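K.L.:
Structure below; questions to follow.
Numbering (the working numbering), first residue to last: 14 to 154.
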């Protein structure tokens, strides 16, 4: 199972980025999704977040919805999990609303994406190639 974290400020495009990730990953296997609420405290240029699970959903390769819940659950075995919210030490996508959000890039950030074309960011539709390249590199290791 590979977990991807999608994080950023309110209205930065997190849900849009998650939808794109789910679309890409569901063609490769079963995808679990969790949306977390979180509070943000900026500390040493990194985002520290305390979160709670808002809801979870699991989709299979035909993109059929299998589970939806508002309570934290132990997901069944899935190939990928997309978490809308920050999780440390897993590959992540940073959603950028303003240029200074780029300060939140971590060593695990695969891409910074922006809905408004901020310099130094990628478009959401570029995530497919970024994720596929990442997964191919993981196979090679």
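Just so it is clear, CB atoms sit at the ideal spot from N, CA and C, and this is done for glycine as well.
Note that this is a predicted model, so its numbers are computed, not measured.
What's the gap between the Cα of residue 142 and the Cα of residue 136?
P.N.:
Counting from 1 along the chain shown, the entry for residue 142 is found at position 129. Counting from 1 along the chain shown, the entry for residue 136 is found at position 123. When rounded, the distance between both Cα atoms is 11 angstroms.
K.L.:
Apart from the five residues on each side of it in sequence, which residues of its chain come closer than 6 angstroms, Cβ to Cβ, to residue 38?
P.N.:
Against the chain shown, residue 38 aligns to sequence position 25. Here the set comprises 44 and 93.
K.L.:
Between residue 111 and residue 117, what straight-line distance do the alpha-carbon atoms span, to the nearest angstrom?
P.N.:
Residue 111 sits at position 98 when you count from the first residue of the chain shown. Residue 117 sits at position 104 when you count from the first residue of the chain shown. Roughly 11 angstroms between the two C-alpha positions.
K.L.:
Residues bridged to residue 108 by DSSP?
P.N.:
For the purposes of this step, residue 108 is taken as the residue at position 95 of the chain shown. Residue pairing from DSSP places residue 108 in a beta bridge opposite 21 and 126.
K.L.:
Could you check which residue in 107, 40, 20 and 154 has the C-alpha nearest to that of residue 98?
P.N.:
Indexing the chain shown from 1 puts residue 98 at position 85. Checking every option, the nearest Cα to that of residue 98 belongs to 20.
K.L.:
Using three-state DSSP, classify residue 95 as helix, strand or coil.
P.N.:
Here residue 95 corresponds to residue number 82 of the chain shown, with the count starting at 1. Residue 95 falls in the strand class under three-state DSSP.
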